[in-house]
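Data first, discussion second: the structure below is written as structure tokens.
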Amino acid sequence: MAKIETPRPIRGTQDMLGDTADRFAHVVETFDRVRKLYGFRRIEVPVFESTAVFSRSLGESTDVVSKEMYSFDDRGGDSLTLRPEFTAGIARAYITEGWQQFAPLKVATHGPLFRYERPQKGRYRQFHQIDAEILGASEPLADAELLVFADHLLRELGVSEGVTLTLNTLGDAASRDAWRAALVAHFEGHRDGLSEDSIDRLARNPLRILDSKDPRDQAVVATAPDIDAYLTDEAQAFFGKVTDGLAAAGVAWTRNARLVRGLDYYRHTAFEFVTDRLGAQGTVLGGGRYDGLIENMGGPHTPAVGWAAGIERLAMLLDAPAPFAPTVIIALENDSLLSFGQKALAALRGAGISAEMIATGSPRKRYDKAVKVPAKVLVSITLADDKPVANLRSSEDVPEHAQVRAVLETLG
RNA sequence: GCGAUCGUAGCUCAGUUGGUUAGAGCGCCGGUUUGUGGUACCGGAGGUCGGGAGUUCAAGCCUCCUCGGUCGCCCCA
Numbered sequence: 007m008a009k010i011e012t013p014r015p016i017r018g019t020q021d022m023l024g025d026t027a028d029r030f031a032h033v034v035e036t037f038d039r040v041r042k043l044y045g046f047r048r049i050e051v052p053v054f055e056s057t058a059v060f061s062r063s064l065g066e067s068t069d070v071v072s073k074e075m076y077s078f079d080d081r082g083g084d085s086l087t088l089r090p091e092f093t094a095g096i097a098r099a100y101i102t103e104g105w106q107q108f109a110p111l112k113v114a115t116h117g118p119l120f121r122y123e124r125p126q127k128g129r130y131r132q133f134h135q136i137d138a139e140i141l142g143a144s145e146p147l148a149d150a151e152l153l154v155f156a157d158h159l160l161r162e163l164g165v166s167e168g169v170t171l172t173l174n175t176l177g178d179a180a181s182r183d184a185w186r187a188a189l190v191a192h193f194e195g196h197r198d199g200l201s202e203d204s205i206d207r208l209a210r211n212p213l214r215i216l217d218s219k220d221p222r223d224q225a226v227v228a229t230a231p232d233i234d235a236y237l238t239d240e241a242q243a244f245f246g247k248v249t250d251g252l253a254a255a256g257v258a259w260t261r262n263a264r265l266v267r268g269l270d271y272y273r274h275t276a277f278e279f280v281t282d283r284l285g286a287q288g289t290v291l292g293g294g295r296y297d298g299l300i301e302n303m304g305g306p307h308t309p310a311v312g313w314a315a316g317i318e319r320l321a322m323l324l325d326a327p328a329p330f331a332p333t334v335i336i337a338l339e340n341d342s343l344l345s346f347g348q349k350a351l352a353a354l355r356g357a358g359i360s361a362e363m364i365a366t367g368s369p370r371k372r373y374d375k376a377v378k379v380p381a382k383v384l385v386s387i388t389l390a391d392d393k394p395v396a397n398l399r400s401s402e403d404v405p406e407h408a409q410v411r412a413v414l415e416t417l418g
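Shown next, in the form of structure tokens:
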């Protein structure tokens, strides 16, 4: 008989248990708690959409569209795509569900995203993000609120140490176009000082030269013009109001004049919370204002701003969470008392106390096994004078001790 | 797509210049010891040494190919 071959997991997917899963859950739970403090409503959007949702959002980034997306034809012949980002789907929903009526709309969501990439530290093909967006708000107040929320979340997670908010402005459409033209002129003028990759970028995506990692590009990048000289008065004022909002809330930031977004619908605020603790993947949380997107997708002109953060990356930055364990661990040391043990379990759980029981294997070894469970209270159940006896032992003088004793005493 | 590096038990790993029947710790199962009691002892199950081909009297170890993991480049919505 041929050996049955177990199907392998797909490259870039993860199975999580124990510490990894606990960290993941902690990020999601903390996000869900903090987002309520800021009035962001939970929304759900589909994991897959018409390919057009994302290809329209990504515009002329043909490499990304053709090589990085999980696209397939369904049985009806329609091209569908597993979502590689949240924003496009939310923008689509905003238009097709008539959510304009709720503007300004503050929403939050989290879940899996899919990108066909070579996995490496903090990068997976199925990865997960938390996401927050404000749709239909043109004021810099919205940008500031979103940034304060992000900063607050990182502090709640205890990962703000070593994480820096880097901030830039891409200006309004006029500022952005003028700056872009100046950058292209600058790089064209120093073409021979650029790496091959950057010469290639010059034709494809010139703004990207600014964050080239190639040391050969550093001299030319260092002398490249900042956007500041090209900002309109309005754009300058907008950026000022965002930073005023951060100052008022006590959020620290640093200017990164080299921080850019490749897509044209990004306007004004662009930001990333970065760290050097994640290898080559420095960005922990990133976002910006995308005033042009919804219009690009066939909707009404709708200013919007948002951010997203990788759950796996945040989870890696977390301090080790407490190991998963019940409050009570029961060692059933005599098999004739199984029913008593099950009654005790039901009573404890009914009283809102998490409890587990060890009732298999050699009875004389169950106590030793129970000791190794990091529970707050250990209960051993033995037989004495033909009656069940429950003995309690607390790892410390935990407050649950008395409560557990009270519940067990009701069993008679 | 490109590069570096690693694949030995369920997990973490050892394995000498190529040389008998591939080991340890943890975990699992059974037994001994103790008996308001955690760290002890004995035993057991569990391996196509990632896979294939080659060199050799002989390959976990050397060569080539291949698959997979990790990290980096490219890309980054």
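Here the first sequence is numbered in this note's numbering, starting from 7 and rising by one per residue.
Built from N, CA and C at the ideal position, the CB exists for glycine as well.
For L189, same chain residues with a beta-carbon under 7 Å away, outside a window of 5 residues either side, are P212, L213, A230 and P231 in chain order. Across the set K42, I136 and L384, the C-alpha of L384 shows the shortest separation from the C-alpha of V334. Here the region 273 to 289 lies against the region 151 to 169, with 3 or more beta-carbon pairs under 8 Å apart.
Here L284 is buried. Its C-beta has 16 or more other C-beta atoms within 10 Å.
With contacts defined by Cβ atoms closer than 8 Å, V290 and L338 do not form a contacting pair. When C-beta atoms of the region 121 to 130 are compared with those of the region 11 to 21, three or more pairs fall below 8 Å, so the two segments count as touching.
Taken through DSSP and simplified to helix, strand or coil, P125 comes out as coil. For the pair of segments examined, the region 305 to 317 was found to touch the region 132 to 148: the number of CB pairs separated by less than 8 Å reaches three.
The alpha-carbon of D206 is positioned some 42 Å away from that of T36. I10 counts as exposed, since fewer than 16 other C-beta atoms from the protein chains shown sit within 10 angstroms of its C-beta. Around the beta carbon of K382, a 10 Å sphere encloses 16 or more other beta carbons of the protein chains shown; the residue is thus reported as buried. Between the alpha carbons of F346 and V40 lies a gap of roughly 43 Å. Across the structure, D84 and H307 are spaced so that their CA atoms are roughly 28 Å apart. If you look at K219, you'll find it isn't in any beta strand (DSSP E); DSSP assigns it neither H nor E.
Take the alpha-carbon of L173 and the one of R273: they are about 13 Å apart.
With distances taken between CA atoms, A408 lies nearest to L354 out of E91, L354 and V377. Boundaries of the beta strand (DSSP E) around Q132: Q132 to L141.
Counting only residues of its own chain and dropping the five nearest sequence neighbours on each side, D223 has a CB closer than 7 Å to the CB of L200, S201, S204 and I215.
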